[in-house]
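In the working numbering, the protein residues as written are 28 to 343.
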């Protein structure tokens with residue numbers, strides 16, 4: 028009889044996002060074991076107790092507080108630690124401060140890591156994913172960031188509301204930076220397998236550049252809207268992380284718009300593109316056909332990330 032393997036996830040950073048992810052993972056029974064790590068021992072212990080005290084038949088997951096030594100044998104390490112942005116800040120405004128936090132985390136991971144996929148959730152996710160990829164030098168695909176998976180989910184919801192249809196019928200990707208230079212791929216958008224513009228023409232729905240611009244603005248500013256309303260965003264990203272965790276721990280193959288290292292003519296960056304993900308992390312990035320305008324916007328996103336990378340390198 029084959030021995031059952033223990034599926035283990037360690038979460039570094041137990042603020043609102045870390046706790047939201049932990050709760051969602053527990054409800055879905057994705058892992059056998061969750062380890063919470065945070066510098067604030069009172070908070071991490073309280074979150075552990077609160078999540079653990081749910082009705083026993085709602086989940087079988089063993090939940091403990093731990094230290095960096097406990098990341099050993101994790102199938103997945105999720106990093107959420109870092110300062111959250113305020114409503115008047117962009118994600119890139121957090122770069123300098125959160126890179127310092129990430130360096131401390133990297134030192135501890137280096138001492139204790141022996142396996143597993145590392146998923147970055149902390150912002151600015153593209154910059155932190157780049158930094159950790161270069162810093163830890165793990166095999167390709169082992170380090171990725173949530174990137175534009177949340178933006179893709181958001182735009183699908185906004186389009187579904189506008190068209191008054193089920194969101195499951197909509198196919199569209201958001202690529203590039205998880206932030207101001209993100210790019211919705213309108214040229215590849217489909218509804219019920221029909222090109223979006225063709226679908227709108229069939230049903231006499233107005234969907235031109237003005238409508239696209241309104242939707243893009245809504246999606247781009249949605250995080251700020253949520254932060255203004257309740258202080259933080261955490262539910263949406265928690266379900267996105269669960270989607271990735273389920274694939275990684277169950278060795279399912281899924282596609283998602285996540286951020287990972289890419290070579291460009293301007294140098295290496297981490298940006299989101301549709302990627303194939305399974306137990307080893309990113310298997311490969313899918314080729315995407317872009318319109319000329321989308322190519323230019325993607326180039327702008329590359330340059331924006333290179334600018335931050337170079338500024339941080341010069342500040343050292």
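Quick reminder that beta carbons are idealized off the backbone N, C-alpha and C, glycines included.
Residues in the same chain with beta-carbon distance under 8 Å from residue 187, minus the five sequence neighbours each way, listed in chain order, please. Position 160 of the chain shown, counting from 1, holds the residue named residue 187. Annotation for residue 187: 193, 194, 196, 197 place their beta carbon closer than 8 Å to its own, counting only its chain and skipping 5 residues before and after.
Please go through the stretch 32-90 and give each complete alpha helix (DSSP H) segment of 4 or more residues, from N-terminal end onward. Counting only runs of 4 or more, we get 43-54, 68-79.
Which runs of the alpha helix (DSSP H) fall wholly inside the stretch 177-260 and span at least 4 residues, in chain order? You should have 223-229, 236-257.
With a cut-off of 8 Å on the beta carbons, I'd call residue 168 and residue 285 a contact; round off their distance for me. Taking the chain shown and counting its residues from 1, one reaches residue 168 at position 141. Taking the chain shown and counting its residues from 1, one reaches residue 285 at position 258. Not confirmed; about 10 Å, so no contact.
Please classify residue 252 as buried or exposed, where buried requires at least 16 neighbouring CB atoms within 10 angstroms. By 1-based counting over the chain shown, the position of residue 252 is 225. Its Cβ having fewer than 16 others within 10 Å, residue 252 is exposed.
Nearest by alpha-carbon distance to residue 127: which of 318, 162, 98 is it? Locating residue 127 in the chain shown gives position 100, where the first residue counts as 1. Taking only the C-alpha atoms, the option nearest residue 127 is 162.
What first and last residue would you give for the alpha helix (DSSP H) that runs through residue 156? For the purposes of this step, residue 156 is taken as the residue at position 129 of the chain shown. Counting along the chain, the alpha helix (DSSP H) containing residue 156 begins and ends at 152-163.
Alpha carbon to alpha carbon, what distance is there between residue 147 and residue 156? On the chain shown, position 129 is the one that residue 156 refers to. On the chain shown, position 120 is the one that residue 147 refers to. One Cα belongs to residue 156, the other to residue 147, and the distance between them is close to 6 Å.
Looking at the unbroken beta strand (DSSP E) that takes in residue 133, where does it start and where does it end? Residue 133 sits at position 106 when you count from the first residue of the chain shown. Annotation: residue 133 is outside any beta strand (DSSP E); the continuous alpha helix (DSSP H) that includes it extends over 122-139.
Hey, could you find the ends of the alpha helix (DSSP H) residue 323 is sitting in? As a working note, residue 323 is residue 296 in the chain shown. For residue 323, the enclosing alpha helix (DSSP H) stretches over residues 319-342.
Touch test, the stretch 271-282 against the stretch 303-322, Cβ-Cβ under 8 Å, three pairs minimum: Under the three-pair Cβ rule at 8 Å, the stretch 271-282 counts as touching the stretch 303-322.
Residue 279 in three-state terms, based on DSSP: The residue you call residue 279 lines up with position 252 of the chain shown. Reduced to three states, the DSSP call for residue 279 is coil.
Is residue 370 helix, strand or coil by DSSP? Past the edges of the chain, shown from 28 to 343, lies residue 370, and the structure says nothing about it.
Please list, in chain order, all residues of the same chain as residue 85 whose beta carbon is under 7 Å from its beta carbon, the five residues on each side excluded. Taking the chain shown and counting its residues from 1, the one referred to as residue 85 is at position 58. These residues qualify, in order along the chain: 54.
I'd like the list of long-range same chain contacts for residue 94, defined as Cβ closer than 7 Å, with 5 residues on each side in sequence excluded. Reading the chain shown from its first residue, position 67 is the one you call residue 94. Answer for residue 94: 64, listed in chain order.
Cutting at 7 Å between CB atoms, please list the residues of its own chain near residue 139, excluding the five before and the five after it. As a working note, residue 139 is residue 112 in the chain shown. 95, 96, 98, 99, listed in sequence order.
Answer yes or no: do residue 227 and residue 203 have a C-beta to C-beta separation smaller than 8 Å? Stepping through the chain shown from its first residue, residue 227 is reached at position 200. Stepping through the chain shown from its first residue, residue 203 is reached at position 176. Contact: no.
Does the distance from the C-beta atom of residue 66 to that of residue 79 stay below 8 Å? Translated into the one-based positions of the chain shown, residue 66 becomes position 39. Translated into the one-based positions of the chain shown, residue 79 becomes position 52. It is not a contact, given that the beta carbons lie outside the stated cut-off.
Check whether the stretch 43-50 touches the stretch 257-264, taking contact to mean three or more Cβ pairs, one atom from each stretch, closer than 8 Å. Touching, yes, given that three or more Cβ pairs across the two stretches are closer than 8 Å.
Count the C-beta pairs between the stretch 313-320 and the stretch 209-229 that are closer than 8 Å, then say yes if the count reaches three, no if not. Yes, the stretch 313-320 is in contact with the stretch 209-229.
Whose CA, out of 107, 143, 124, lies closest to the CA of residue 101? Position 74 of the chain shown, counting from 1, holds the residue named residue 101. Closest in C-alpha terms to residue 101, from the list 107, 143, 124, comes 143.
For the ligand MG, is there any heavy atom lying closer than 7 Å to the beta carbon of residue 202? Only the bare structure without any ligand can be found here, which leaves the ligand MG out of the picture.
Mapping the DSSP letters down to three states, classify residue 313 as helix, strand or coil. Numbered from its first residue, the chain shown carries residue 313 at position 286. The DSSP-derived three-state label of residue 313 is coil.
Where does residue 96 sit, in a helix, a strand or coil, going by DSSP? Residue 96 sits at position 69 when you count from the first residue of the chain shown. Note: residue 96 maps to helix in three-state DSSP.
Nearest neighbour of residue 303, chosen from 231, 283, 294, 122 [CA to CA]: Taking the first residue of the chain shown as position 1, residue 303 is located at position 276. Nearest option by C-alpha distance: 283.
Three-way DSSP call (helix, strand, coil) for residue 295 in this model: Start at 1 with the first residue of the chain shown, and residue 295 comes out as number 268. Residue 295 falls in the strand class under three-state DSSP.
Classification of residue 112 by the beta-carbon crowding that lies within 10 angstroms, buried from 16 upward: Taking the first residue of the chain shown as 1, we reach residue 112 at position 85. Flag for residue 112 reads buried.
In whole angstroms, what is the alpha-carbon distance linking residue 137 and residue 166? Along the chain shown, read from residue 1 onward, the residue named residue 137 stands at position 110. Along the chain shown, read from residue 1 onward, the residue named residue 166 stands at position 139. Spanning the two alpha carbons is a distance of roughly 14 Å.
Should residue 342 go down as buried or exposed, given a rule of 16 or more other Cβ atoms within 10 Å for buried? Counting from one through the chain shown, the residue named residue 342 turns up at place 315. Exposed, by the Cβ-count rule.
Expressed to the nearest angstrom, what Euclidean distance is found between the alpha-carbon atoms of residue 154 and residue 298? Taking the first residue of the chain shown as position 1, residue 154 is located at position 127. Taking the first residue of the chain shown as position 1, residue 298 is located at position 271. For residue 154 and residue 298, the distance between alpha carbons rounds to 9 Å.
Candidates 231, 75, 33, of which the one nearest residue 58 by Cα: One-based indexing of the chain shown puts residue 58 at position 31. It is 33 whose Cα lies nearest to the Cα of residue 58.
Do you know offhand how far residue 222's Cα is from residue 231's? Residue 222 sits at position 195 when you count from the first residue of the chain shown. Residue 231 sits at position 204 when you count from the first residue of the chain shown. About 14 Å.
Distance, residue 150 Cα to residue 329 Cα: Start at 1 with the first residue of the chain shown, and residue 329 comes out as number 302. Start at 1 with the first residue of the chain shown, and residue 150 comes out as number 123. If you take the alpha carbons of residue 329 and residue 150, they lie about 17 Å apart.
Would you kindly work out how many angstroms separate the C-alpha atoms of residue 81 and residue 107, rounded to a whole number? Locating residue 81 in the chain shown gives position 54, where the first residue counts as 1. Locating residue 107 in the chain shown gives position 80, where the first residue counts as 1. Straight-line measurement puts the Cα of residue 107 at about 23 Å from the Cα of residue 81.
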